[in-house]
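Undergrad: Mind looking over this structure? Questions follow.
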Amino acid sequence: MTDTPIRISEDRPEAVAASALFQEQLIEAAWELRWAQEAYEPGEVLEPFPRVLTDALARFLNLAPALIAYVRGPQTAKPSAHAELLLDYFETSLELARQSDSYGMALWFAEGEQLIGLAQTAAETPAASTPRPAPAAGPVRAPLSTALPATPRSR
9 MTDTPIRISE
19 DRPEAVAASA
29 LFQEQLIEAA
39 WELRWAQEAY
49 EPGEVLEPFP
59 RVLTDALARF
69 LNLAPALIAY
79 VRGPQTAKPS
89 AHAELLLDYF
99 ETSLELARQS
109 DSYGMALWFA
119 EGEQLIGLAQ
129 TAAETPAAST
139 PRPAPAAGPV
149 RAPLSTALPA
159 TPRSR
């Protein structure tokens with residue numbers, strides 16, 4: 009058996025099959041998005057969208073929660089603060105994307121590649137052997153030195 013980019017902690021047949029299926033779905037999602045971006049110019053495809061495009065969007069929207077869960081899962085390295093913001097954005101945007109084909113299409117075309125990329129990177133970067141600490145309650149705040157814009161000093 010060859011080593012797949014998706015890391016699994018168990019050698020049970022069902023775990024291996026689930027890993028292979030997820031890897032296949034990830035590859036298919038990346039391929040479909042690349043195809044859609046090459047075949048259709050964002051903003052130039054009028055509603056109603058072609059069936060082949062809405063079917064591909066539906067597959068992505070169905071897979072997106074699994075991608076988010078995988079990136080945040082214990083089998084992967086802790087996502088960066090930027091990655092966490094993107095994951096949060098996707099989580100909050102998915103319901104609206106399911107309700108509006110236009111919004112869903114824009115989300116998929118504009119940010120779908122970033123979510124797929126995060127999942128691919130997470131698959132290639134297994135978690136450290138020590139467990140991750142639980143996230144802190146409350147919003148993440150930037151250090152004061154980076155939170156305020158630089159202003160020239162007057163003399």
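The sequence shown runs 9 to 163 under the numbering used here.
Where a beta carbon is used, it is the ideal one built from N, C-alpha and C, also for glycine.
Quick caveat: nothing in here was measured; it's all calculated off a predicted structure.
(1) Thinking just about the alpha-carbon of each residue, which of Ala135, Leu123 and Trp116 is nearest to the one in leucine 94?
(2) Where do the ends of the alpha helix (DSSP H) carrying leucine 75 lie?
(3) Find the nearest neighbour of proline 134 within the set Lys86, Leu104 and Asp109, judged by alpha-carbon distance.
(4) In whole angstroms, what separates the C-alpha of proline 50 from that of isoleucine 76?
(5) Could you check the C-alpha separation between glutamine 45 and phenylalanine 117 for me, to the nearest Å?
(6) With H, G and I counted as helix, E and B as strand and the rest as coil, what does DSSP make of threonine 129?
(7) Look at leucine 104 and leucine 69 and say whether their C-beta atoms are less than 8 Å apart.
(8) Between which residues of its own chain and alanine 91 is the CB-CB distance below 6 Å, once the five residues before and five after are set aside?
(9) Quick one: Cα of threonine 129 to Cα of alanine 47, how far?
(10) Using only CA atoms, which one of Asp109, Arg59 and Ala64 lies nearest to alanine 37?
(11) Locate the alpha helix (DSSP H) running through leucine 54, then write down its first and last residues.
(12) Straight-line CA distance for serine 27 to tryptophan 39?
(13) Enumerate in chain order the residues of its own chain whose CB-to-CB distance from phenylalanine 57 is below 8 Å, with the five nearest sequence positions on each side excluded.
(14) On the CB-based measure, 16 or more other CB atoms within 10 Å of its CB, does threonine 100 come out buried or exposed?
TA: With the given structure in hand:
(1) Your numbering for residue 94 matches position 86 in the sequence shown. Considering only alpha carbons, the answer is Leu123.
(2) As a first step, residue 75 must be located in the sequence shown, where it is residue number 67. Start and end: 59-80.
(3) Within the sequence shown, numbered from 1, the residue matching residue 134 stands at position 126. Measuring from the Cα of proline 134, the nearest candidate turns out to be Lys86.
(4) One-based indexing of the sequence shown puts residue 50 at position 42. One-based indexing of the sequence shown puts residue 76 at position 68. In a straight line, the C-alpha of proline 50 is about 24 Å away from that of isoleucine 76.
(5) For the purposes of this step, residue 45 is identified with residue 37 of the sequence shown, where counting begins at 1. For the purposes of this step, residue 117 is identified with residue 109 of the sequence shown, where counting begins at 1. About 7 Å.
(6) The count along the sequence shown starts at 1 and reaches residue 129 at position 121. Correct three-state label for threonine 129: helix.
(7) By one-based count along the sequence shown, residue 104 stands at place 96. By one-based count along the sequence shown, residue 69 stands at place 61. No; because the gap between Cβ atoms is not below 8 Å, this pair is not in contact.
(8) Within the sequence shown, residue 91 is the residue found at index 83, counting from 1. Cβ neighbours of alanine 91 beyond the five flanking positions: Leu126.
(9) Counted from its first residue, the sequence shown places residue 129 at position 121. Counted from its first residue, the sequence shown places residue 47 at position 39. Threonine 129 and alanine 47: Cα-Cα distance of roughly 26 Å.
(10) Within the sequence shown, residue 37 is the residue found at index 29, counting from 1. Considering only alpha carbons, the answer is Ala64.
(11) Along the sequence shown, read from residue 1 onward, the residue named residue 54 stands at position 46. Leucine 54 -> no alpha helix (DSSP H), and no H or E assigned at all.
(12) Position 19 of the sequence shown, counting from 1, holds the residue named residue 27. Position 31 of the sequence shown, counting from 1, holds the residue named residue 39. Roughly 18 Å between the two C-alpha positions.
(13) Counting from one through the sequence shown, the residue named residue 57 turns up at place 49. Leu65, Asp109 and Met113, listed in sequence order.
(14) Taking the sequence shown and counting its residues from 1, one reaches residue 100 at position 92. With fewer than 16 other Cβ atoms within 10 Å, it is exposed.
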